[in-house]
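Everything on this sheet refers to the single structure shown next.
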Ligand SMILES: *[C@@H]1O[C@H](CO)[C@@H](O)[C@H](O)[C@H]1NC(C)=O
Ligand SMILES: *[C@@H]1O[C@H](CO)[C@@H](O)[C@H](O)[C@H]1NC(C)=O
Ligand SMILES: *[C@@H]1O[C@H](CO)[C@@H](O)[C@H](O)[C@H]1NC(C)=O
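In mature numbering (1 follows the signal peptide of the UniProt record, and there is no 0), the protein residues as written are -21 to -1, 1 to 232.
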């Protein structure tokens, strides 16, 4: 599990504190964002799941307004003004643009749709002409509106309780959407036989080429890797740090 959407209410409630600590909002901005996030939590707790998803989107809107368009996938990106000023794009579309537009590939900047439908399509060589990457994503999101805010932590407990599968969670510390503080909350609430052992396990540094790339903690079949200087797309932002969890997952290298 990378920077995964595991416990949505925990993520949404921790955006404000992270932005405040990073100096990306002031107290007033923080309180605005938290008020929106707490409303998403309330709607969720009362079982209004579709409304909670809509309120989650409004919380994103508050973040975008209060930060002047922080990159939701790496809070330290220097976001180009043209992205924030695009009045024709919804917040959701702006976010999708940010996912990759802020990182040039070769000499060119792509948005994710264009990148997948040109560079990646060509590299794979087997994608039929009538198949377009991302063409169903809006329909999928619409269909899953009632599921989007529901946590999947019970499934993780079940895997830990009932299988011998090793569960690896890694998280880039500059991601906002699936932020590390929000992950820690659900990890600490997991109920499984190793919960106490994990709590007491040491948190160790990750050294790669003699540089500090993050930290990890593990107990039984559960691992957590904190990866430094990485946002949502950890292998892209910090390939060296990614070696640590890839080596652990594959016993290779
Ligand atoms: C949920 O959203 C719908 C559509 O906007 C609205 O009519 C309804 O009152 C909302 N329900 C709650 C509990 O907020
Ligand atoms: C693409 O074309 C093939 C062959 O005509 C067809 O079987 C398939 O359903 C089409 N796929 C889409 C996504 O339209
Ligand atoms: C997993 O096991 C713990 C006890 O170790 C229990 O409290 C928890 O409810 C179990 N979770 C699931 C989803 O079965």
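Even glycine gets a Cβ: it sits at the ideal position worked out from N, Cα and C.
Since this is a predicted model, take the numbers as computed values, not measurements.
Check your understanding: Which ranges does the alpha helix (DSSP H) cover as unbroken runs of at least 4 residues, wholly within the segment 99 to 151, from first to last along the chain?
Key -> 100 to 103, 116 to 122, 132 to 141
inquiry  = Given 7 Å as the limit, tell me if residue 96 has its C-beta closer than that to any heavy atom belonging to ligand 1.
reply    = By one-based count along the chain shown, residue 96 stands at place 117. Not under cutoff, so the answer is no.
- [ ] For residue 182, name the three-state secondary structure that DSSP assigns.
- [x] For the purposes of this step, residue 182 is taken as the residue at position 203 of the chain shown. Looking at residue 182 - three-state DSSP - the assignment turns out to be coil, as it is neither helix nor strand.
| task | Report the option in 106, 222, 159, 198 whose CA atom is closest to the CA atom of residue 186. | result | For the purposes of this step, residue 186 is taken as residue 207 along the chain shown, with counting starting at 1. If we check each option's Cα against that of residue 186, 222 comes out closest.
task = Rounded to whole angstroms, what's the CA-CA distance from residue 51 to residue 74? Just pull it up for me.
result = As a first step, residue 51 is located in the chain shown; it is residue number 72 there, counting from the start. As a first step, residue 74 is located in the chain shown; it is residue number 95 there, counting from the start. Computed Cα separation, rounded: 7 Å.
*Contact between the segment 11 to 18 and the segment 176 to 185: three or more CB pairs below 8 Å?*
no
Check: Can you tell me the Cα-Cα spacing of residue 122 and residue 190, whole angstroms?
Finding: Translated into positions along the chain shown, residue 122 becomes position 143. Translated into positions along the chain shown, residue 190 becomes position 211. Cα-Cα distance, rounded: 44 Å.
What first and last residue would you give for the beta strand (DSSP E) that runs through residue 192?
-> Your numbering for residue 192 matches position 213 in the chain shown. 190 to 198 is the span of the beta strand (DSSP E), which, as asked, contains residue 192.
query: How would you call residue 220, buried or exposed, if buried means at least 16 neighbouring beta carbons within 10 angstroms?
result: Position 241 of the chain shown, counted from the first residue, corresponds to residue 220. Buried.
task = Would you mind reading off the limits of the beta strand (DSSP E) that contains residue 202?
result = Along the chain shown, one-based indexing puts residue 202 at 223. Where residue 202 is concerned, the enclosing beta strand (DSSP E) stretches over 201 to 206.
query: What residue range is occupied by the uninterrupted alpha helix (DSSP H) comprising residue 6?
result: The residue labelled residue 6 in the question sits at position 27 within the chain shown. Segment 6 to 24, the alpha helix (DSSP H) holding residue 6.
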